[in-house]
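These notes concern the structure reproduced below.
In full-length UniProt numbering, the protein residues as written are 1 to 317.
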């Protein structure tokens, strides 16, 4: 039985104990694909609030950061950051006895802001009791060499991960989902990040419009060639108030089946060399915003089915 290097196994091996992620959502963050810098409307599957479980709705209205903008709401963001950290830490400590944490800047594009704002938020997060590092979700068209160099400095004393939404290596697919950049941009900034010694986690979506399982596997191979050391694999599911929901309603999009997704997961895992971490193999949303596929509603059942299929292939997740 081959034991897959999960995040839990990786962090226990490095720190000698379980490290827990604390996801945070900081209001004001957006992305260049929404604010009109490269496109409008966001990716066709994006409905931001659906992916922001920790974001309190008591926030300034019509406030969006930009790398060249002023930020009059930094103090509010710092309060928001600390409140989310304390709330989740309390739950994890009580339930699991958790003592060490990584702050996960999860929702939106968390490098798309003035560098001074990023430095203040990241430094504050690293100052919290028990925090050993950061994981920062972003896009390859929303980082600069200056930001990458700063994160590389932080990584000398902390566990720093950049989580890039690769999604696909196909330029045709990236255009179809209104991604706002091409695969050359992905290659450029992952390569630059690796040159600075940063650890990279690539998000790859299976079941994108027009893509076959073989195309999804090519995206995994593409990221591996760039030196990516960790992956998150997601099935594409459809939520309300997205462009993809309109495609679904018109019959222009058919979601991936659970069987096809699991088989693609198995093939993808077999591509991963020893030492490459797999942080996620499932995704879904357990509320009324989910339109399709129905098997993405119950993540617990989804994970059970994936694990059982992997065991039959001699893979232990």
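Note that the Cβ used here is the ideal one computed from N, Cα and C, for glycine as well.
Predicted, not measured: the structure shown is a model, and the values here were computed from it.
{"Item": "Residue 135 to residue 124 span [Cα, whole Å]", "Value": "14 angstroms"}
{"Item": "Whole-angstrom distance between residue 23 and residue 106, CA atom to CA atom", "Value": "6 angstroms"}
{"Item": "For residue 234: DSSP bridge partner residues", "Value": "205"}
{"Item": "Unbroken stretches of the alpha helix (DSSP H), 4 residues or longer, contained in the stretch 148-183", "Value": "171-176"}
{"Item": "Unbroken alpha helix (DSSP H) run spanning residue 84, endpoints", "Value": "74-96"}
{"Item": "Inter-stretch contact at 8 angstroms, needing at least 3 Cβ pairs: the stretch 255-268 / the stretch 223-238", "Value": "yes"}
{"Item": "N- and C-terminal bounds of the beta strand (DSSP E) containing residue 63", "Value": "Per DSSP, residue 63 belongs to no beta strand (DSSP E) and is neither H nor E."}
{"Item": "Contacts around residue 265, its chain only, beta-carbon distance under 7 angstroms, and the 5 residues preceding and following it disregarded", "Value": "233, 281, 306"}
{"Item": "Exposure label - residue 316; buried when at least 16 CB within 10 Å", "Value": "exposed"}
{"Item": "Reference residue 3; option with closest CA among 166, 273, 213, 93", "Value": "273"}
{"Item": "Span of the alpha helix (DSSP H), counted from its first residue to its last, around residue 20", "Value": "From DSSP, residue 20 is part of no alpha helix (DSSP H) but of the beta strand (DSSP E) over 19-24."}
{"Item": "Closest Cα partner of residue 103 within the set 116, 84, 253, 214", "Value": "84"}
{"Item": "First and last residue of the uninterrupted beta strand (DSSP E) at residue 101", "Value": "100-105"}
{"Item": "Residues that residue 200 bridges to, as DSSP identifies them", "Value": "162"}
{"Item": "7 angstroms CB neighbourhood of residue 50 in its chain, flanking five on each side removed", "Value": "Note on residue 50: pLDDT 37, under 50, position unreliable in the model; no value is reported."}
{"Item": "Nearest neighbour of residue 182, chosen from 96, 220, 141, 66 [CA to CA]", "Value": "141"}
{"Item": "Burial state of residue 203 (16 or more Cβ within 10 Å)", "Value": "buried"}
{"Item": "Bridge-paired residues (DSSP) for residue 290", "Value": "239"}
{"Item": "Backbone CA spacing between residue 59 and residue 78 [nearest angstrom]", "Value": "Any reading at residue 59 is ruled out, since the residue's pLDDT is 48, under 50, leaving its predicted position unreliable."}
{"Item": "Nearest to residue 47 (by Cα), restricted to the options 64, 237, 294", "Value": "237"}
{"Item": "Contacts around residue 173, its chain only, beta-carbon distance under 6 angstroms, and the 5 residues preceding and following it disregarded", "Value": "208, 211"}
{"Item": "Contacts around residue 292, its chain only, beta-carbon distance under 8 angstroms, and the 5 residues preceding and following it disregarded", "Value": "237, 238, 248, 255"}
{"Item": "Simplified DSSP state of residue 282, which is helix, strand or coil", "Value": "coil"}
{"Item": "Whole-angstrom C-beta distance between residue 193 and residue 162, which should lie under 8 angstroms", "Value": "6 angstroms"}
{"Item": "Whole beta strand (DSSP E) elements within the stretch 115-153, 3-residue minimum", "Value": "131-138"}
{"Item": "For residue 252, three-class secondary structure by DSSP", "Value": "coil"}
{"Item": "Boundaries (first-last residue) of the alpha helix (DSSP H) holding residue 210", "Value": "Here residue 210 belongs to no alpha helix (DSSP H), and DSSP marks it neither H nor E."}
{"Item": "Residue environment, residue 277, which counts as buried when at least 16 other CB atoms sit within 10 Å", "Value": "buried"}
{"Item": "Check whether residue 96 and residue 18 have beta carbons under 9 angstroms apart", "Value": "yes"}
{"Item": "Between the CA atoms of residue 32 and residue 13 - distance to the nearest angstrom", "Value": "37 angstroms"}
{"Item": "Simplified DSSP state of residue 187, which is helix, strand or coil", "Value": "helix"}
{"Item": "Simplified DSSP state of residue 111, which is helix, strand or coil", "Value": "coil"}
{"Item": "Rounded straight-line distance, which links the Cα of residue 160 to that of residue 154", "Value": "7 angstroms"}
{"Item": "Residue 269 and residue 178 closer than 9 angstroms at C-beta", "Value": "no"}
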